[in-house]
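**Q** Supplied in structure tokens, the structure appears directly below.
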Amino acid sequence: MAFRADTIWFDGTLVPWDDAKIHVLSHVVHYGSGAFEGMRLYRVGERSAVFRLDDHTKRLFDTCKIYRCDLPYSAEEINKAIIETVHANKLKEGYIRPLVFRGFGALGVNPFTCPVQVIIACWDWGKYLGDEALENGVSVCISSWARPAPNTFPSLAKACG
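In structure tokens:
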């Protein structure tokens, strides 16, 4: 897996991969105040498509709502930015990682004084379990762990930290 691409969408602007940086005292670094999604881009004939783009974007917004984090973009703007980032990197298949996080502001457990920032990265990533998984199969099991009740922990959220 080549974990690199040309550009990252960072707060509304495509920036070179090496220039996509945050401050070491950003809230997300110390308190994990962020929400993320993981999306796959698949080749479909001569074109490419993001698998369930609207569903993934909705879940990202739902996670942000759980954590009282208002995105400075609409779902449509995020979807457009995802497509823009894929095109900018000339990606045909791969992985897409939108991340919403609290940036540099006051340090402390209260995140509301910190700005909400958004990045979208994408890169080439082959078969998730490797090419040999289709040939040889994979080992799986059913976990004995019980999922916590929804009113005890936001288990439907995809959050950092």
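Throughout, the numbering used here is defined as the position within the sequence shown, counted from one, plus 1007.
Ideal Cβ placement from N, Cα and C applies to all residues, glycine included.
Since the model is a prediction, treat every value here as computed from it, not as a measurement.
For Y1038, name the three-state secondary structure that DSSP assigns.
**A** DSSP places Y1038 in helix when its eight states are reduced to three.
**Q** DSSP three-state call for F1043: helix, strand or coil?
**A** Reduced to three states, the DSSP call for F1043 is strand.
**Q** Between which two residues does the beta strand (DSSP E) carrying T1020 extend?
**A** From DSSP, the beta strand (DSSP E) with T1020 extends over T1020 to P1023.
**Q** Compute the Euclidean distance between the alpha carbons of I1127 and H1094, then round it to the nearest angstrom.
**A** Rounded to the nearest angstrom, the two C-alpha atoms are 12 Å apart.
**Q** Considering only their Cβ atoms, is the gap separating H1063 from M1046 smaller than 7 Å?
**A** Against a cut-off of 7 Å, the Cβ pair of H1063 and M1046 comes out as a contact.
**Q** Mind checking which residues open and close the alpha helix (DSSP H) that includes V1093?
**A** A1082 to A1095 is the span of the alpha helix (DSSP H), which, as asked, contains V1093.
**Q** Let me know the secondary structure DSSP gives C1129 once reduced to three states.
**A** C1129: strand per DSSP, three-state reduction.
**Q** Does the separation of the CB atoms of T1014 and A1042 fall below 7 Å?
**A** Taking 7 Å as the Cβ cut-off, T1014 and A1042 do not qualify as a contacting pair.
**Q** Compare the Cα-Cα distances from W1132 to each of C1148, A1156, V1147 and L1098 and report the closest residue.
**A** Looking at the Cα atoms, L1098 is the closest of the given residues.
**Q** Could you spell out the range, first to last residue, of the beta strand (DSSP E) harbouring L1114?
**A** Segment: none, L1114 is in no beta strand (DSSP E) and carries neither H nor E.
**Q** Answer yes or no: do W1130 and G1101 have a C-beta to C-beta separation smaller than 7 Å?
**A** It is a contact, given that the beta carbons lie within the stated cut-off.
**Q** Looking at the unbroken beta strand (DSSP E) that takes in T1159, where does it start and where does it end?
**A** Segment: none, T1159 is in no beta strand (DSSP E) and carries neither H nor E.
**Q** Exposed or buried, which one is C1148 when buried takes at least 16 other CB atoms within 10 Å?
**A** It is exposed - the Cβ of C1148 has fewer than 16 other Cβ atoms within 10 Å.
**Q** In angstroms with no decimal places, state the Cα-to-Cα distance between L1067 and R1109.
**A** So the two alpha carbons sit approximately 14 Å from each other.
**Q** With 16 as the cutoff for other CB atoms within 10 Å, does W1152 come out buried or exposed?
**A** Exposed is the call here.
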